[in-house]
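Right, one structure below, let's go through it.
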Amino acid sequence: MNVLLDKKIRTTISEADIELLKVMDHLLLLKIISELINKTLNVTQLKEILSIPQSQTSKHLSTLKRNVLHGERKS
């Protein structure tokens with residue numbers, strides 16, 4: 881747990897909140913969120929849209945799934 885001091889304000893920020901801020905700070909992750917808001921995409925489709933390797937796309941999706949995204953797989 882981290883504590884931020886701002887003159888007269890003392891705020892405690894949980895580790896989960898810090899992780900969420902890191903996620904939201906990353907522009908590529910925001911782009912992924914933007915794409916997924918509009919339509920359902922798989923990893924291959926996202927990697928093509930973002931022009932990044934599949935491994936990097938999967939890593940970012942895992943980060944988002946842990947911290948932000950909630951969804952379900954379709955068969």
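Heads up, the sequence shown stops at 955 in the numbering used here, and the numbers go up one at a time, no gaps. All residues carry an ideal CB built from backbone N, CA and C; glycine is no exception. Given the structure is predicted, the values throughout are model-derived calculations rather than measurements.
Item: Environment of M937 [buried if 16+ CB atoms lie within 10 Å]; Value: It should be noted that the sequence gives Thr, not Met, for residue 937. Label assigned to T937: buried.
Item: Local conformation of T892 per DSSP, three classes; Value: strand
Item: Beta-carbon proximity of L944 to L909, cut-off 8 Å; Value: yes
Item: Inter-residue Cα distance where the pair is D897 and H906; Value: 15 Å
Item: Separation of E899 from L930, as counted between CA atoms; Value: 23 Å
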